[in-house]
Amino acid sequence: MPNYRYQGRSSGGAVTKGNLHAPSADAVVEQLVSRGIDPLEIDEVSEGGGGEIRIAFLEEWPSVNELILFSRQMYTLTKSGVSLVRSFQGLSEGTHNKKFQAAMRQIIEDLQAGRDISAAMAEHQKIFNQLYLRIVRMGEETGRMQESFLQLYQYMEIEKETRKRIKSALRYPIFVIMAIVGAMFVVTYKVIPAFKGVFAQFNTELPIFTRILLGASGFTEKYAVYILLAMILVVMGIRYYVNSPGGRLWWDQKKLHMPLVGTIINRATLSRFARAFAMGSRSGLPIMQTLVAVGEAVDNEYVAKKIHEIRDGIERGESMVQAAFASALFTPLVLQMMAVGEETGSMDEMMQEVAEFYEREVEYDVQNLTSAIEPILLLVIGALVLVLALGIFMPMWDLGAAAMQKG
């Protein structure tokens, strides 16, 4: 079981440190809270004991893990009745992320000057997105701050797992592509050149496949530097285009329809939409404000554009289901669930069900991705073997056949 080093603050305000064995950082948080200790910092100690693996990776801006831990700690502190100023003071002392620390100190100053917490946090939108800020504001207006931070913690924890599944799904196809490119490189630079001298001794016309292979190998060897530069320029151009507004919209739409992994990305994105919508609705946000916040939370420009169209449809007097149907984002089953939620006034519960439905689909798709890719991989490897057989071994077979005829 992993060993965690922690630093926390007791109910009396004293700083306490120690080590705990627990299955996860969240379990450490729960143990500390049960002892009356507010966690400030949690590090996983490596097996060799010679260093630490940061739970909250030190990045230029706070990572998702840092925001998850921050939300969990804010829930614990506000639930315990600790004032917001004291909560931020304790958390700012415990973080090693300089930008996060500076932001929390600025929030403390704003709170001490009489500003609301939502207004103070809104000054740091590179850290807290619109969904986060709107949920905090609703908690502030309804007097349920601890519930708001708990919802945000749970939402981001599930978000992290969903993103992890997507990365897991993409890792195998990327590995396969890299393996194929590596195999082609070895064939071009090692295998084919090794046979050039042999073929030169045949003093006969080589088969078309062999001539093509030798020509491609010679061209690649001669212009390798230029080919490499061209590839770098193409990659840089693609990245520049994808980072532009129009390119980002185009790419976000295309990746939802990519072979094999497009379905996984699509369902994970819609799961993110449904869960964020359910959280906003459960917090008491009006539907229009919820859709505005959710549009940013989905992290996909194309889906965000469709959400904007849903919002426009509702403004025109359409129902949520009618506007969602017009967007062509959802399956008939999901639209039925939305209709039930709209009719019964339990849209938050139905959208939660929709999110869980898509998450189950994503998990199933990820588990079956390997079996779907294997036939394609076998076909590609078979094609490479066939090309090598036709291009390299055919001249030898022809030479052998000619020698047998002379004999």
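Convert by adding 34 to the 1-based position in the sequence shown; the result is the number in the numbering used here.
Cβ atoms here follow ideal geometry from the backbone N, Cα and C, with glycine treated the same way.
Taking a cut-off of 8 Å for Cβ pairs, the stretch 267-275 and the stretch 237-251 do not touch, as fewer than three such pairs fall below it. Residue state for residue 235 is assigned as coil, using DSSP reduced to three classes. DSSP places residue 252 inside the alpha helix (DSSP H), whose first and last residues are 242-256. The beta carbon of residue 400 is closer than 7 Å to those of 199, 202, 203 and 298 in its chain, skipping five residues each way along the sequence. Taking the C-beta atoms as reference points, residue 182 is found no nearer than 8 Å to residue 353.
For residue 352, there is no enclosing alpha helix (DSSP H), as DSSP marks it with neither H nor E. With contacts defined by Cβ atoms closer than 8 Å, residue 195 and residue 305 do not form a contacting pair.
Beta-bridge pairing by DSSP links residue 40 to 52 and 76.
Under the 8 Å Cβ criterion, the stretch 118-127 counts as touching the stretch 144-159, having at least three qualifying pairs. Between the beta-carbon of residue 137 and that of residue 102 there is about 16 Å, and that puts the pair past the 8 Å contact cut.
For residue 331, the CB contacts under 7 Å within the same chain, skipping 5 residues up- and downstream, are 163, 165, 306 and 310 in chain order.
Taking C-beta atoms as the reference points, residue 109 and residue 187 count as a pair closer than 8 Å. For residue 222, no alpha helix (DSSP H) segment is defined, and its DSSP state is neither H nor E.
Nearest to residue 430 by alpha-carbon distance, out of 61, 172 and 239, is 239.
Scanning its chain for C-beta atoms nearer than 8 Å, with the 5 sequence neighbours on each side dropped, one finds around residue 303 the residues 290, 332, 333, 334 and 337, in chain order.
Note that the C-beta distance between residue 329 and residue 341 is below 8 Å.
Note on geometry: alpha-carbon atoms of residue 287 and residue 424 lie some 40 Å from one another. By the Cβ criterion, the stretch 363-379 is not in contact with the stretch 165-174, since fewer than three pairs of Cβ atoms, one from each stretch, lie closer than 8 Å. Under a 10 Å Cβ-count criterion, residue 249 is classified as exposed, with fewer than 16 other Cβ atoms of the shown protein chains found around its own Cβ.
By alpha-carbon distance to residue 112, the top candidate from 68, 149 and 184 is 184. Counting only runs of 4 or more residues that sit fully inside the stretch 90-131, the alpha helix (DSSP H) segments are 98-113 and 118-128, in chain order.
It is roughly 30 Å from the alpha-carbon of residue 62 to the alpha-carbon of residue 308. No residue range can be given for residue 163, since it is assigned to no alpha helix (DSSP H) and is classified by DSSP as neither H nor E. Taking the CA atoms as reference points, residue 209 sits about 40 Å from residue 357. Counting along the chain, no alpha helix (DSSP H) covers residue 363, and no H or E run does either. Residue state for residue 182 is assigned as helix, using DSSP reduced to three classes. Contact annotation: residue 345 and residue 325 have beta-carbon atoms nearer than 8 Å.
Assignment of residue 157 by DSSP, reduced to helix, strand and coil, places it in the coil class. For residue 381, the enclosing alpha helix (DSSP H) starts and ends at 381-422. Each residue's CA atom was taken as its position, placing residue 36 and residue 154 some 37 Å apart. Taking residue 388 as the centre and dropping the five residues before and after it, the same chain places the C-beta of 308, 368 and 371 closer than 6 Å to its C-beta, in chain order. For residue 332, no alpha helix (DSSP H) run applies, since DSSP gives it neither H nor E. Burial check for residue 69: the Cβ neighbour count within 10 Å stays below 16, so the residue is exposed.
The straight-line gap separating the alpha-carbon atoms of residue 211 and residue 266 is approximately 17 Å.
The C-alpha of residue 41 is placed about 17 Å away from the C-alpha of residue 105. Of the other Cβ atoms in all chains shown, fewer than 16 fall within 10 Å of the Cβ of residue 362; this residue is therefore exposed.
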